[in-house]
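Q: Under UniProt numbering, the residues of the sequence shown are numbered 1 to 326, in order.
Glycine included, every Cβ here is placed at the ideal spot set by N, Cα and C.
To start, I am sharing the structure in question, which I have written as structure tokens.
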Amino acid sequence: MVDLIEKNEVVQFKDGNFVLDVNVSSNGETVWLTLDQMSKLFNKNKSTISRHIANIFNEKELDEKNSVAKNATQLKRYDPRTKKDRIAVVDVNYYNLDVIISVGYRVKSKQGILFRRWANSILKEYLLKGYAVNDRHFQDIDYVTTMLDQYRNAGGQLPSSISMLEFLKAYQRGFKILDDYDHHHLEIPIGQKDTYVLRYDECINLIHNTMFENRGDLFSIERDDSFKSSISTIYQSFGEIDLYPTLEDKASALLYFIVKNHSFIDGNKRIGATIFLYFLNQNNALYKNGKERINNDALATLTILVASSRPEDKEIMIQLIKTIIK
């Protein structure tokens, strides 16, 4: 369990008539809320919030030692002897932004979404003041979570909160690597050589023979030749140099192109994910050191992100996929 820094600042979060005093780490790394504050923020009783927090730690979604801090806090306590309220100083658990975000996804709180965006903006201010150094981190993470919020609000189903948070952590790690690469601090790992050449006809057979859930009449009907183009593009070269030289390069580009090109009237994300996994499997690369390179929920989240991304972010998305499956 971490210690709260005594010099934490208190900043007010406001949403209409709702006001909440929020502890912000002096280094600008996170914000902290108590159980009582989260109960008010998400408009849920404390037992519900407490149960979600317990599940978060029991399911190993977050490390309790790094997510909770005790802080001496003044509270009003009723004294039965004097029959009056008195001020008592007690140790209270404070929970960081990772816990707050995870609870927010579990209870599906709109005010929680506003709070998360507000918290990111507050932490960004701390970055600009010099308390931290990576401004891009918060811009990018807000971009991702905003798109996922829009997808869910439009009726889309998101994976479990565990996979969501794990994906967001991987996203942050990916952009840290890309940021280092941009500043010549790090070379993106080369990856392994692919050994299997994917063919259009086998992909079509795979799509037709796979039992997809809720498969409608328009599912897998091609709009144009872009699906065939997506497959051939990953094998293109300039001169004698492959544009996508490694297995990871090809797999990442393949997923991006299939999902983003909208080659099918319906089912682009599911088809893209299926072909992506098939390609990895045919190259004996679905597992690394006995562990899946990417689980189904994280892959589902990734396809949603690709589908929602801006066209100008193509190279970033492809490198992000590559980073996550490394």
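Using three-state DSSP, classify Asp225 as helix, strand or coil.
A: By 1-based counting over the sequence shown, the position of residue 225 is 225. Coil at Asp225, not helix or strand.
Q: Hey, would you say Lys250 sits closer than 7 Å to Ile234, going by beta carbons?
A: Sequence index remark: in the sequence shown, residue 250 carries index 250 (1-based). Sequence index remark: in the sequence shown, residue 234 carries index 234 (1-based). Going by C-beta atoms, Lys250 is nearer than 7 Å to Ile234.
Q: How many Å lie between Phe257 and Glu240 at the Cα?
A: As a working note, residue 257 is residue 257 in the sequence shown. As a working note, residue 240 is residue 240 in the sequence shown. Taking the straight line joining both Cα atoms gives about 23 Å.
Q: Touch check for the segment 195 to 207 and the segment 276 to 287: three-plus C-beta pairs under 8 Å?
A: The segment 195 to 207 vs the segment 276 to 287: in contact.
Q: By DSSP's criteria, Tyr287 is part of a beta bridge. Which residues make up the other side?
A: What you label residue 287 is simply residue 287 of the sequence shown in a count that begins at 1. Answer is Glu292.
Q: Can you tell which of Arg51, Ile324, Arg270 and Arg199 has the C-alpha that lies nearest to the C-alpha of Arg293?
A: The residue given as residue 293 occupies position 293 in the sequence shown. The candidate whose alpha carbon is nearest that of Arg293 is Ile324.
Q: Is DSSP giving Leu114 helix, strand or coil here?
A: As a working mapping, residue 114 is identified with position 114 in the sequence shown. Looking at Leu114 - three-state DSSP - the assignment turns out to be helix.
Q: Buried or exposed for Asn23, going by 16 or more other Cβ atoms inside 10 Å?
A: Within the sequence shown, residue 23 is the residue found at index 23, counting from 1. It counts as buried.
Q: By DSSP, does Glu315 sit in helix, in strand, or in coil?
A: For the purposes of this step, residue 315 is identified with residue 315 of the sequence shown, where counting begins at 1. Three-state DSSP puts Glu315 in a helix.
Q: How many Å lie between Ser226 and Ser252 at the Cα?
A: Start at 1 with the first residue of the sequence shown, and residue 226 comes out as number 226. Start at 1 with the first residue of the sequence shown, and residue 252 comes out as number 252. If you take the alpha carbons of Ser226 and Ser252, they lie about 17 Å apart.
Q: So Ser102 and Asn43 are supposed to be a Cβ contact under 8 Å. How far apart are they, rounded?
A: Sequence index remark: in the sequence shown, residue 102 carries index 102 (1-based). Sequence index remark: in the sequence shown, residue 43 carries index 43 (1-based). Contact flag wrong, Cβ pair sits at about 17 Å.
Q: Among residues of its own chain, excluding the 5 on either side of Thr210, which ones have a beta-carbon nearer than 8 Å to its beta-carbon?
A: For the purposes of this step, residue 210 is taken as residue 210 along the sequence shown, with counting starting at 1. Counting only Cβ-Cβ distances below 8 Å, and skipping sequence neighbours, we find Thr274.
Q: Once the 5 residues before and after Lys46 are set aside, which same chain residues still bring their CB inside 7 Å of it?
A: As a first step, residue 46 is located in the sequence shown; it is residue number 46 there, counting from the start. Leu35, Asp36 and Ser39, listed in sequence order.
Q: Which runs of the alpha helix (DSSP H) at least 4 residues long sit entirely within the segment 6 to 49? Give them in chain order.
A: Complete alpha helix (DSSP H) runs here, min 4: 35 to 42.
Q: Going by other Cβ atoms of all chains shown within 10 Å of its Cβ, with 16 needed for buried, is Asn58 buried or exposed?
A: Working through the sequence shown from its first residue, we reach residue 58 at position 58. It counts as exposed.
Q: Can you say whether Phe238 is buried or exposed, counting buried as having 16 or more other CB atoms within 10 angstroms of its CB?
A: The count along the sequence shown starts at 1 and reaches residue 238 at position 238. Looking at its Cβ environment, which holds fewer than 16 other Cβ atoms inside 10 Å, Phe238 is exposed.
Q: Rounded to whole angstroms, what's the CA-CA distance from Asn268 to Arg51? Just pull it up for me.
A: Sequence index remark: in the sequence shown, residue 268 carries index 268 (1-based). Sequence index remark: in the sequence shown, residue 51 carries index 51 (1-based). Cα to Cα, Asn268 sits roughly 37 Å from Arg51.
Q: How big is the Cα-Cα spacing for Glu312 and Val306?
A: Walking along the sequence shown from the start, residue 312 turns up at place 312. Walking along the sequence shown from the start, residue 306 turns up at place 306. Looking at the two C-alpha atoms, the distance is approximately 12 Å.
Q: Would you check if the distance between the CB atom of Val99 and the CB atom of Ser121 is smaller than 7 Å?
A: Walking along the sequence shown from the start, residue 99 turns up at place 99. Walking along the sequence shown from the start, residue 121 turns up at place 121. The answer is no: Cβ separation not under 7 Å.
Q: In whole angstroms, what is the alpha-carbon distance linking Ile113 and Tyr105?
A: Numbered from 1 along the sequence shown, position 113 holds the residue referred to as residue 113. Numbered from 1 along the sequence shown, position 105 holds the residue referred to as residue 105. Ile113 and Tyr105: Cα-Cα distance of roughly 9 Å.
Q: Per DSSP, what kind of secondary structure is Arg136 in: helix, strand or coil?
A: Counting from 1 along the sequence shown, the entry for residue 136 is found at position 136. With a pLDDT of only 45 at Arg136, under the threshold of 50, the placement of this residue in the model should not be trusted; the figure read from the coordinates follows. It is helical.
Q: Which same chain residues end up closer than 8 Å to Gly83 when comparing Cβ atoms and leaving out the 5 residues on each side of it in sequence?
A: Locating residue 83 in the sequence shown gives position 83, counting from the first residue. The sequence given here places Lys at residue 83; Gly does not occur at that position. For Lys83, where only same-chain residues beyond five positions count, there are no Cβ hits under 8 Å.
Q: Which complete beta strand (DSSP E) runs does the segment 223 to 258 hold, if anything under 3 residues is left out?
A: Whole beta strand (DSSP E) segments, 3+ residues: zero.
Q: Short of 7 Å in beta carbon distance, which residues of its chain neighbour Tyr200, apart from the five on each side in sequence? Order them along the chain.
A: Indexing the sequence shown from 1 puts residue 200 at position 200. The answer, listed in chain order, is Lys228 and Ile231.
Q: Buried or exposed for Arg116, going by 16 or more other Cβ atoms inside 10 Å?
A: The count along the sequence shown starts at 1 and reaches residue 116 at position 116. Per the 10 Å Cβ criterion, buried.
Q: When the Cα atoms are used, what is the spatial distance from Thr30 to Val10?
A: Working through the sequence shown from its first residue, we reach residue 30 at position 30. Working through the sequence shown from its first residue, we reach residue 10 at position 10. Taking the straight line from one Cα to the other gives about 12 Å.
Q: May I have the straight-line CA-CA distance separating Leu62 from Ile207, to the nearest angstrom?
A: What you label residue 62 is simply residue 62 of the sequence shown in a count that begins at 1. What you label residue 207 is simply residue 207 of the sequence shown in a count that begins at 1. Leu62 and Ile207: Cα-Cα distance of roughly 37 Å.
Q: Looking at the unbroken alpha helix (DSSP H) that takes in Gln282, where does it start and where does it end?
A: For the purposes of this step, residue 282 is taken as the residue at position 282 of the sequence shown. Asn268 to Gln282 is the span of the alpha helix (DSSP H), which, as asked, contains Gln282.
Q: Taking the alpha carbon of Gln319 as the point to measure from, which residue in Asp224, Asp15, Glu213 and Leu247 has its own alpha carbon closest?
A: Position 319 of the sequence shown, counted from the start, is the residue given in the question as residue 319. That would be Leu247, whose Cα lies nearest to the Cα of Gln319.
Q: Suppose you measure from the CA of Leu97 to the CA of Ala119; what does that come to, to the nearest Å?
A: Reading the sequence shown from its first residue, position 97 is the one you call residue 97. Reading the sequence shown from its first residue, position 119 is the one you call residue 119. Whole-angstrom Cα-Cα distance: 8 Å.
Q: Going straight from the alpha carbon of Leu20 to that of Lys60, what length do you get?
A: The residue given as residue 20 occupies position 20 in the sequence shown. The residue given as residue 60 occupies position 60 in the sequence shown. Distance between the alpha carbons of Leu20 and Lys60 is about 29 Å.
Q: Using DSSP bridges, identify the partner residues of Lys326.
A: Reading the sequence shown from its first residue, position 326 is the one you call residue 326. According to DSSP, Lys326 bridges with nothing at all.
Q: Could you check how far apart the C-beta atoms of Lys70 and Val92 are, in whole angstroms? I think they sit under 8 Å.
A: Locating residue 70 in the sequence shown gives position 70, where the first residue counts as 1. Locating residue 92 in the sequence shown gives position 92, where the first residue counts as 1. Confirmed, Cβ separation roughly 7 Å.
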